[in-house]
C-alpha cells in the first residue's frame with residue numbers, strides 16, 4: 503500500500519513547499535504563485551493550438567515551471583487546524599485581464615462590470631481582475647477540504663476554454679480526503695476540451711468578430727483527460743493494489759458534460775464539489791456536469807487494467823475514433839505508482855516523457871526498495887520540464903518522498 | 272359532455288357482483304401479466320453482429336448494426352437477456368460487420384473475454400467473420416445493459432446496445448420482485464431502454480463506410496434526430512411485441528396497469544445523450560441505480576434511500592428502476608363518476624381505498640367540479656375515451672379518438688427534452704409512449 | 214424580413230379587434246366558485262369551497278426581448294384574472310408573457326384554472342388548440358393533465374377550466390402540452406409552486422424540538438423545521454432557438470431537426486436583463502409588456518434563501534452553479550429528499566444539472582456570508598452568451614446585503 507506523494511515532482515515541491523514553509527507565521531496560510539501566460543500546444547495529431555495556461559513560480563516569480571493546461575495541481579498540506587487561508591498570487595503575462603477563481607470555495611468577490619451600449623451594467627469578471635502585465639492576490643479565508651477546480655473568473659466562457667484551469671486538492675488529514683473517507687492511493691482525472699477554431703480566433707484577434715462571434719459557435723473537437731487526448735500506448739494510471747481504497751478525484755473542466763463509466767467494478771461516490779455525501783452511492787458510472795467535481799472510492803478486487811471512459815461519446819481526437827476521454831486504471835500487486843502523462847505544456851516536443859517502463863509492469867520490483875510514493879500529479883511543474891529525463895524526475899520524487907515519509911498512511915505495505 | 276356508456280365498465284361488474292365474485296375477478300388477473308420480452312431460460316448465447324435496416328416512426332429506413340440471436344436477422348435493440356441470479360453466462364459472438372466489434376457488460380462481475388484480439392476496452396471480434404467469447408457471472412439481481420466496447424461513440428449509435436435483467440434468487444413469477452426484498456415487489460413490469468441515432472452517421476456509414484466519419488464532425492458534435500424506446504420511435508413504441516411490420520424491432524414499450532398496481536419500470540440510458548424521463552400521472556419511487564438498491568447498508572431498513580421524482584435524469588450507461596403507482600387519491604372528485612349510470616360503492620380499507628376498485632373513498636360520490644366544454648370547442652385526443660371517468664367511454668364526433676375503447680386514463684411518458692419527441696423533423700414521435708391506467712378487471716395485454 | 218412581418222402583425226391587430234365582439238361573449242367561460250361576474254375574482258366566497266382559488270389565463274402569442282436587443286416571436290400565456298369576459302380577448306391577444314404568469318398555491322387549495330384560447334394573431338393560419346399541463350401533479354386525472362393526445366385541448370375563442378385539488382407542496386411547473394416541442398420552444402412555460410400546510414401552524418407549535426413561529430415559511434411539511442427559509446425565488450431555466458422562432462413567425466414549418474438553442478434564459482430573460490428588477494420594456498412590435506419576472510435575487514445576510522429551480526427548456530441539460538455559495542438540496546420534483554422510512558438525504562453542493570421537466574429546491578444559508586454580489590450561472594460556459602454576444606445568457610446575481 504502506498505500513500506501517493508502529494509507534492510508534485512521536484513520543481514514544484516521546492517517552489518510550493520518552500521513557500522508554504524515560509525508562511526507558517528500567517529496563521530495556517532497556504533500561498534501559491536501562478537503566472538498566466540500563453541503557449542502553443544502540440545496535440546497528438548500534430549495540430550498546434552494556441553493555449554493559455556498557468557505555471558507555478560517561486561514567491562518572487564523569478565523561477566517558474568512550465569505553463570500547462572490543466573495548470574499545476576495545487577496541494578494544500580493537510581492537517582493544519584482551521585481556518586486555513588489560501589492565497590493565490592497571480593502574475594498576468596497575457597494581453598488581457600485575468601483572475602483566479604474557485605467556484606466551490608466561498609470568498610467575497612469583487613466582480614468587475616462594464617456598461618454596455620444599452621446602458622446596462624454587466625459583469626465581465628466574476629472576481630477582481632489582474633490587469634495585463636500586473637499582479638493580483640486572491641484569498642480564501644477558510645478553505646474547506648476537498649477536490650476543487652480553479653480557473654479564470656474573467657470572461658470565463660473564453661478563458662477557461664483557452665486553458666486557464668487547474669485543480670486544488672486539500673485533504674482533511676494525511677490520507678483522509680474528508681472526515682471518515684480514508685484512502686490508500688489516488689488518481690486525478692481532469693476532463694477538458696478544445697475547440698481549435700476558438701483558440702485560433704482568440705490568437706489572431708478575430709474572436710468577437712463575425713469570424714467567431716461568441717461561444718454560441720463553440721464546437722470542441724479535442725477531448726482531454728489530464729491535459730491530453732488519449733493516444734494508443736498511453737500508459738495506464740497505476741492506482742495501487744487489489745483491495746486498496748483508491749480515491750478518484752473527478753474534475754470536469756470542460757464546457758460540456760461527461761459520464762465516466764468504469765468497467766470491471768463499482769465506484770462509491772463519496773463527495774460532490776468538496777462536500778462529502780452522507781450516503782455514498784454505489785455505481786459503475788457517474789455523471790459530471792460541466793464545471794463540477796466529484797470524489798469516488800474504487801476498490802479493485804483483482805489485478806488488472808480497468809477502463810474508465812466517457813459514456814457520452816467524447817472518444818475522438820479531431821474526429822478520429824480511439825482517442826479522447828479514455829483513461830485506464832492499473833491495479834497490480836507491488837506496482838509502482840507511475841508518472842501521470844504530462845498535460846499540455848509549453849514545450850510539447852520535450853514535454854511528453856514516457857514513464858519509465860518498469861513503472862508500467864505489474865509486479866516489477868520497486869527500484870527504490872521502498873514501494874515509495876511517487877508523483878501522481880504532474881499536472882504542472884516537473885515532469886514536463888524534465889523533458890526526456892522523466893525518469894530523473896521520478897527518482898527525485900521518490901527520494902524526496904522517502905524523506906517525507908509522513909505522506910504515507912498506516913505503514914508501508916498492506917499485509 | 273354527453274355521457275353514454277358504450278360498454279359495461281368492469282368496475283360496474285365488480286360492484287354489482289357480490290364480494291366473492293369481485294375477489295374472483297381480481298384473482299382471474301394474473302399477479303404479473305405484463306412481462307418483458309427477451310431471451311430467458313438460457314445461459315449460453317450464440318450471437319451474431321450484423322447489419323440490417325430498421326424502420327423509423329415516420330417511415331424512413333436506417334442502416335443499423337445489431338445483434339442476431341443465432342443466425343437470424345439482427346435486431347434493435349439487441350436481445351434482452353433475462354437471467355437468474357448466479358447464472359454463469361457465456362456469449363459467443365460472431366462478427367459479420369465490416370469492422371471489428373465487441374461487447375462490454377458494465378456492472379457484471381468476473382467478466383472475461385477469450386479469442387479475438389485485444390481492443391481498448393475488451394477483446395474484439397475481427398471484421399467479416401471474427402469471433403470472440405465473453406463470460407460473466409450474474410451474481411447480483413437487477414437491471415443492466417450491454418453494448419459495443421469498440422468505438423462505442425460509433426457502434427452504440429449504430430445499434431449495438433441491449434438490456435440485461437437478472438432475476439433475484441428465489442424469484443417467483445406469481446409473486447415477483449425486482450431484487451428480492453418485499454418493497455421491490457411488482458405486479459407488472461416494463462423495459463424502457465432509451466437510445467438515439469444520428470441519421471447523418473448512418474447514411475454516411477452506409478454510403479461510404481466508417482472511415483468517412485473522420486472527415487466530418489458527426490462524432491464530436493452529434494446531431495441525433497431519432498430517439499428510441501426499446502428500439503422503436505413513437506408511435507411504433509405502442510405497437511405490440513413482434514409485430515410483423517417491424518421485423519427487426521421486436522420490443523414494444525406500452526405500459527398498462529390498474530389503479531393500485533405496482534408497475535416496475537426498468538430504465539436504461541442506452542445511448543450517448545441525457546434524457547429527462549417524465550412520468551405523467553404521478554411521482555415514482557426510484558429505488559435502484561446501476562443494479563444496486565438505494566439503501567444505507569445491508570443491515571438498514573430496505574431501500575430506505577429511495578427517492579420520489581416525477582422526472583429522472585437518465586444518464587448514458589446508467590440503469591435505474593422505479594415503481595409507479597396510481598390511484599387518483601385526493602383528486603377531489605369521484606373517478607368512477609356520479610349520478611345515474613355511474614352507480615358504484617366504495618368500502619374503505621384502513622388507508623381509505625376500496626379493496627376492489629382502489630377508489631379513494633373520501634372522494635366517493637363527489638361530482639367532477641367543473642363542466643367540460645362541448646365537443647366543438649375542443650380538439651379531442653386520439654387516446655381520449657370520451658369520458659373523464661375511469662372505465663367509461665362516451666359518444667364522440669366522427670373521426671375523434673378511437674385508441675382508448677376501454678375508457679382508460681392515458682398518460683404520456685416521454686423524454687421531457689421535447690426535441691426528443693420528434694422523428695427527424697416530424698412531430699410527434701421519438702422517445703415517447705403512453706401509460707394506460709385501465710379500470711379494475713380490464714384485461715391487460 | 215423579421216421587421217416586415219412585425220409590421221404586418223401590427224396591422225393585423227386592428228383587424229382582429231373586430232373579432233372579439235363577435236365571439237367573446239359566447240365562448241369565454243370562467244368557472245370559479247363565488248365569482249358572480251365571470252372575471253375569475255371570487256366576489257362572495259362559496260362556503261362549500263372555502264379554499265377555492267381562481268385564475269384565468271389567455272393562451273396566445275406575443276413577443277419577447279432577448280438580452281442582445283432582438284425580439285423573438287413567442288407563444289405565451291397572459292394573466293387575465295380580473296378581466297371582464299367581454300374584454301378577455303383584447304386583453305389576451307398578442308400579450309403572451311414569458312415566462313407565463315407564476316402560479317403560487319397553498320396546500321389544500323382548490324385551483325380553478327381557466328384557459329381561454331385567444332388565438333395566435335401573427336400566425337393567422339394556425340388554429341392550434343392549447344392546454345395547461347400541471348407538470349408533476351400527483352395522481353393526476355387525464356382530463357386535467359393537458360396532454361392533447363390523451364384528453365381535450367381548447368380551441369380558439371373557447372375556454373376550458375382545469376380543476377386541481379392541491380395536496381402536495383413543492384416546486385412544480387406548468388406549460389402547454391399541445392405540439393409540445395413547438396409550443397414549449399415557443400415559450401408557453403411558467404413557474405408553479407405550492408406552499409405547505411406547516412406554514413400555517415399555530416405559533417409555538419413544537420416540531421420535534423424545533424419551535425414554529427407565525428410567519429415561518431417552509432418548503433415542505435418537514436416536521437423539524439429543516440426546510441425553513443426567509444425569502445424565495447422561482448428560477449426557471451429555459452432556452453430559445455431564434456431560428457425556430459423566426460421560422461414560426463414567418464409561417465414556415467417548425468424546424469425540429471435543426472433545433473439548437475442560442476439564447477439561454479432564466480425566467481425568460483438573458484443576462485443582464487435577468488437582473489433588471491422591473492418588467493422589461495414593452496414590445497416594439499405590439500406595445501405590450503411580456504417579461505414581468507425579474508431574477509435579481511436579494512437576501513439579507515443571515516437569511517435563508519430558497520431557490521425553486523425548475524427547467525423547461527426542450528433541447529439540452531444545463532448545469533447551473535453558484536459562485537461559492539453552498540446549496541443545501543432539500544427537495545427534488547416537489548418531494549422532500551427523504552427516503553420512504555424518513556431518512557433525510559439532503560446534501561450540499563454548488564451545482565445542479567437539470568433537463569427539461571426537473572425541479573430542485575435548494576436553500577442557501579447566508580449566515581457568515583460576506584455581503585456582496587454573487588452569481589448563479591451556467592457552467593456550460595459557452596451558454597453565457599446571448600446568441601452572438603458574450604457576457605450574457607444563463608446568469609443572474611445574488612446580492613447579499
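Residue numbers (the working numbering), protein chains in the order written: chain Z, 503 to 917; chain F, 272 to 716; chain B, 214 to 614. Where is the CB? At the ideal position from N, CA and C, for every residue including glycine. The structure displayed is predicted, hence computed values, not measured ones.
_Just to check my reading of the structure: residue 343/F and residue 374/F have Cβ atoms closer than 8 Å, yes? What is that Cβ distance to the nearest angstrom?_
Here residue 343/F is taken as the residue at index 72 of the second chain, counted from 1. Here residue 374/F is taken as the residue at index 103 of the second chain, counted from 1. Between residue 374/F and residue 343/F the Cβ distance is about 18 Å, and since that is not below 8 Å, they are no contact.
*asked:* So, does the region 590–609 of chain F touch the region 502–514 of chain F, judging by three or more C-beta pairs under 8 Å?
replied: no
*Chain-ordered neighbours of residue 824/Z on chain F, where CB pairs are closer than 8 Å*: Residue numbering aside, residue 824/Z sits at position 322 when the first chain is read from its first letter. Here the neighbours are 391 and 422.
_Unbroken stretches of the alpha helix (DSSP H), 4 residues or longer, contained in the region 325–385 of chain F_ = none
*Do you know offhand how far residue 389/B's Cα is from residue 829/Z's?*
Counting from 1 along the third chain, the entry for residue 389/B is found at position 176. Counting from 1 along the first chain, the entry for residue 829/Z is found at position 327. Their backbone Cα atoms lie some 44 Å apart in a straight line.
*Does the Cβ of residue 332/F have 16 or more other Cβ atoms within 10 Å, making it buried, or fewer, making it exposed?*
Taking the first residue of the second chain as position 1, residue 332/F is located at position 61. Classification for residue 332/F: exposed.
*asked:* Below 8 Å, how does it come out for the region 403–417 of chain F and the region 375–393 of chain F: are there three or more Cβ pairs, yes or no?
replied: yes
_Integer Cβ distance of residue 773/Z from residue 797/Z, believed to fall under 8 Å_ = Working through the first chain from its first residue, we reach residue 773/Z at position 271. Working through the first chain from its first residue, we reach residue 797/Z at position 295. Residue 773/Z to residue 797/Z, Cβ: 4 Å. Contact.
*Where residue 583/B meets chain Z, residues with beta-carbon distance less than 7 Å*: The residue you call residue 583/B lines up with position 370 of the third chain. Going along chain Z in sequence order, the residues near residue 583/B (Cβ under 7 Å) are 610.
*Should residue 549/F be labelled buried (16 or more other beta-carbon atoms within 10 Å of its own) or exposed?*
For the purposes of this step, residue 549/F is taken as residue 278 along the second chain, with counting starting at 1. Counting Cβ neighbours within 10 Å, residue 549/F comes out buried, since at least 16 surround it.
_residue 522/F, DSSP secondary structure in three states_ = In the second chain, counting from the first residue as 1, residue 522/F sits at position 251. Three-state DSSP puts residue 522/F in coil, outside helix and strand.
*Pairwise C-alpha distance: residue 244/B and residue 651/F*: The residue given as residue 651/F occupies position 380 in the second chain. The residue given as residue 244/B occupies position 31 in the third chain. Here the alpha carbon of residue 651/F sits roughly 21 Å from the alpha carbon of residue 244/B.
_is_contact[residue 662/F, chain Z] using C-beta, thresh 9 Å_ = For this step, residue 662/F is matched to residue 391 along the second chain. Answer no: the Cβ-Cβ gap between residue 662/F and chain Z never drops below 9 Å.
*asked:* Mapping the DSSP letters down to three states, classify residue 305/B as helix, strand or coil.
replied: For this step, residue 305/B is matched to residue 92 along the third chain. In the structure shown, residue 305/B sits in a helix (DSSP, three-state: H, G or I).
_Excluding the 5 residues flanking residue 437/B on each side, which residues of the same chain have their C-beta closer than 8 Å to its C-beta?_
Here the question's residue 437/B lines up with position 224 in the third chain. Within the same chain, residue 437/B has close Cβ partners 420, 421, 422 and 423.
*asked:* So, at 7 Å on beta carbons, what are the nonlocal neighbours of residue 393/F in its own chain, with the 5 sequence-adjacent residues on each side left out?
replied: Residue mapping note: residue 393/F aligns to position 122 of the second chain, counting from 1. Excluding sequence neighbours, residue 393/F sits near 373, 375, 384 and 420.
*Should residue 575/F be labelled buried (16 or more other beta-carbon atoms within 10 Å of its own) or exposed?*
The residue you call residue 575/F lines up with position 304 of the second chain. Result: buried.
*Going by DSSP, what residues sit across from residue 810/Z in a beta bridge?*
Taking the first chain and counting its residues from 1, the one referred to as residue 810/Z is at position 308. The partner list for residue 810/Z (beta bridge, DSSP) reads 764/Z and 829/Z.
_Backbone secondary structure at residue 524/Z - three-state DSSP_ = Working through the first chain from its first residue, we reach residue 524/Z at position 22. Summary for residue 524/Z: the model assigns pLDDT 42, below 50, so the residue's position carries little reliability, and this model does not support an answer.
*Under a three-way DSSP split, which group does residue 645/F fall into?*
If you number the second chain from 1, residue 645/F lands on position 374. Three-state result, residue 645/F: coil.
*asked:* Check whether the region 799–816 of chain Z and the region 456–476 of chain F are in contact - that is, three or more C-beta pairs closer than 8 Å.
replied: no
*asked:* Tell me which residues of the region 546–562 of chain F have at least one Cβ-Cβ distance to chain B shorter than 9 Å, keeping chain order.
replied: Shown in chain order are the members of the region 546–562 of chain F whose Cβ falls below 9 Å from a Cβ of chain B: 546, 547, 548, 549, 551, 552, 553, 554, 556 and 558.
*Note down, one range per segment and in chain order, each alpha helix (DSSP H) of at least 4 residues found wholly within the region 398–480 of chain F.*
423–429 and 470–479
*asked:* Taking 6 Å as the limit between beta carbons, can you name the residues of its chain near residue 706/F, skipping five residues before and five after?
replied: Numbered from 1 along the second chain, position 435 holds the residue referred to as residue 706/F. Cβ within range, chain order: 526, 682 and 684.
*asked:* Is it the case that the region 601–611 of chain Z contacts the region 673–680 of chain Z, given that we only count it when at least three CB pairs across the two stretches are under 8 Å?
replied: no
*Is it the case that the Cβ atoms of residue 765/Z and residue 732/Z are separated by a distance below 9 Å?*
Walking along the first chain from the start, residue 765/Z turns up at place 263. Walking along the first chain from the start, residue 732/Z turns up at place 230. Going by C-beta atoms, residue 765/Z is not nearer than 9 Å to residue 732/Z.
*Distance, Cα to Cα, residue 532/F vs residue 597/F?*
As a first step, residue 532/F is located in the second chain; it is residue number 261 there, counting from the start. As a first step, residue 597/F is located in the second chain; it is residue number 326 there, counting from the start. Roughly 7 Å between the two C-alpha positions.
*Of the choices 469/B, 489/B and 553/B, whose alpha-carbon is the least far from that of residue 610/B?*
The residue given as residue 610/B occupies position 397 in the third chain. Considering only alpha carbons, the answer is 489/B.
_Contact list for the region 552–580 of chain B against chain F, Cβ threshold 9 Å_ = 552, 553, 554, 555, 556, 558, 566, 567, 568, 569, 570, 571 and 572
*I think residue 574/B touches residue 321/B, with their Cβ atoms under 8 Å apart; what is that distance to the nearest whole Å?*
Sequence index remark: in the third chain, residue 574/B carries index 361 (1-based). Sequence index remark: in the third chain, residue 321/B carries index 108 (1-based). Going by Cβ atoms, the distance from residue 574/B to residue 321/B rounds to 20 Å, so no, they are not a contact pair.
*Along the chain, which unbroken stretches of the beta strand (DSSP E) at least 3 residues long are found entirely within the region 522–583 of chain F?*
534–540, 546–550, 555–560 and 578–580
*Can you tell me whether DSSP reads residue 566/Z as helix, strand or coil?*
Here residue 566/Z refers to the residue found at position 64 when the first chain is read from its first residue. DSSP, reduced to helix, strand and coil, places residue 566/Z within a strand of the structure shown.
_Under 7 Å from the C-beta of residue 749/Z: neighbouring residues of chain F_ = On the first chain, position 247 is the one that residue 749/Z refers to. Going along chain F, no residue has its Cβ under 7 Å from residue 749/Z, so there is no contact; the nearest lies around 20 Å.
*Hey, would you say residue 509/B sits closer than 9 Å to residue 540/B, going by beta carbons?*
By 1-based counting over the third chain, the position of residue 509/B is 296. By 1-based counting over the third chain, the position of residue 540/B is 327. No, the Cβ-Cβ distance between residue 509/B and residue 540/B is not below 9 Å.
*DSSP puts residue 542/Z in a beta bridge; with which residues?*
Taking the first residue of the first chain as position 1, residue 542/Z is located at position 40. For residue 542/Z, which the question treats as bridged, DSSP gives the partners 552/Z.
*By Cβ distance, which residues of its chain are closer than 7 Å to residue 821/Z, with the 5 residues on each side in sequence left out?*
On the first chain, residue 821/Z is found 319 positions in, with the first residue counted as 1. Within the same chain, residue 821/Z has close Cβ partners 723.
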